[in-house]
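Reading through the C-alpha cells given below for one structure.
Residue numbers (our numbering): 100 to 359.
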C-alpha cells in the first residue's frame, strides 16, 4: 500500500539535504517535508519546542489528506512524537530516527542544565554561533565541510547536497547557511526535558531507530521508551547522522517496517 510520509529533519540540516534518503522512500511512497523548521516567525523557538510542534501539525494538516506516516530525525523525531501525542488522528504511525528521547534521570539533568544556564555545555549548541557562515561558492562549501570529521562520514551525494541545498545565495554572489545559526542555537538551548511526563500517553504505533555508533541515548533510555511508550527499537549502522551517512540503507529499513 502506498503511504504518505511526512519527514522532519534534524537541527541545522534542511530537509532538502536528505534528498537521496527521501528519493529512496519516494520510490514506493509519497513523501513531503517542511524544508527548514523554526524559521517562520509565527512559530518561534521556545522551551521544549511547543510552537515547532504547532508548525509541524499545521503543515501536515494543510498538505496531506488522511492519516500519514511521520518520520523524523533527531529534532524532527521529537516533533513527530509530540505531534502524535497532541493529534493522534493525523498519524498511522511514527518512525523516530535517533532523537534524544531521554529517560527520567537524564531528562532531569537537561532541565537542570537549562535552569542553571549551562545547557550549551551538554548539547552541541555551544559551538553554533561560532560556525563559519560564508563562502565564495558551493564548491568551497563542499571542500570546507569535506575536511570535517563528522561530514567526512557522509554519503558523497549527501555531502554534495549539503553544500548546495544546505546553503543559499548571500546576496553578494557567495553562499551562507540556509539554516540560520541563531535558530540552531535556540533549538539546542530549548531541548525538551519533559519526555518522561507523557509515559503511557502515546496512542500511535512507533518505532525508534538508533545509530549503532550514536551516543545520543543510553541503554536505560531505550528501555524506558520500550516499557512506558511501547516503542519498538531497531538499530542502524552509523553515527547519530546515519540517515546522511547511509541514506539508502536507512530508507530500506523504514520501507521494511512499513511493509511488515
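Beta carbons are placed, not taken as given, at the ideal position from N, Cα and C, and that holds for glycine.
Please read these numbers as outputs of a predicted model, since none were measured by experiment.
Query - DSSP bridge partner residues for residue 129 (one or two, in chain order) - result: DSSP lists 103 as the beta-bridge partner residues of residue 129.
**Report entry** Rounded separation between residue 313 and residue 340 - CA only
**Finding:** Cα atoms of residue 313 and residue 340: separation of roughly 8 angstroms, rounded to the nearest angstrom.
Requested in this report: Using three-state DSSP, classify residue 171 as helix, strand or coil.
Outcome: Residue state, collapsed to three classes: strand.
Query raised in the report: With 16 as the cutoff for other CB atoms within 10 Å, does residue 178 come out buried or exposed?
Result: By the 16-neighbour rule on beta-carbons within 10 angstroms, residue 178 is buried.
Report task. Classify residue 231 as helix, strand or coil using the three-state DSSP reduction. Result -> Coil at residue 231, not helix or strand.
Query raised in the report: Ends of the alpha helix (DSSP H) at residue 193?
Result: For residue 193, there is no enclosing alpha helix (DSSP H); the enclosing beta strand (DSSP E) has its first and last residue at 190-196.
Query raised in the report: Under 8 angstroms, do residue 187 and residue 302 count as touching if we go by C-beta distance?
Result: Yes, the Cβ-Cβ distance between residue 187 and residue 302 is below 8 angstroms.
Query raised in the report: Can you give the beta carbon distance from residue 173 to residue 196, rounded, assuming they're within the 8 angstroms contact cut?
Result: Indeed, because the Cβ distance is near 7 angstroms, the residues count as touching under 8 angstroms.
Requested in this report: Measure from the alpha carbon of residue 292 to the alpha carbon of each residue in 115, 145, 102, 153, then state which is nearest.
Outcome: Proximity to residue 292 across 115, 145, 102, 153 peaks at 145, based on C-alpha coordinates.
Requested in this report: In angstroms with no decimal places, state the Cα-to-Cα distance between residue 150 and residue 181.
Outcome: Between the alpha carbons of residue 150 and residue 181 lies a gap of roughly 11 angstroms.
Query raised in the report: Considering only the beta carbon of each residue, do residue 135 and residue 278 sit closer than 8 angstroms?
Result: Yes; because the gap between Cβ atoms is below 8 angstroms, this pair is in contact.
Query raised in the report: Between the region 227-234 and the region 276-290, do three or more beta carbon pairs fall short of 8 angstroms?
Result: With the cut-off at 8 angstroms, the region 227-234 and the region 276-290 touch.
Query raised in the report: For residue 304, which residues of its own chain have a beta-carbon under 7 angstroms away from its beta-carbon, when the five flanking residues on both sides are left out?
Result: Closer than 7 angstroms at the Cβ level, and outside the excluded window around residue 304, lie 192.
Query raised in the report: DSSP puts residue 268 in a beta bridge; with which residues?
Result: Beta-bridge pairing links residue 268 to 274.
Query raised in the report: With respect to the alpha helix (DSSP H) encompassing residue 209, which residues constitute its N-terminal and C-terminal limits?
Result: That run of the alpha helix (DSSP H) goes 203-215.
Query raised in the report: Quick one: what's got a C-beta closer than 6 angstroms to residue 198's C-beta in the same chain, skipping five residues either side?
Result: Cβ neighbours of residue 198 beyond the five flanking positions: 173, 176, 177.
**Report entry** Top-ranked residue by Cα proximity to residue 336, from 320, 255, 104, 308
**Finding:** Of the candidates 320, 255, 104, 308, the one whose C-alpha sits nearest the C-alpha of residue 336 is 308.
Report task. Quick one: give me the first and last residue of the beta strand (DSSP E) that residue 335 is part of. Result -> First-last of the beta strand (DSSP E) with residue 335: 331-335.
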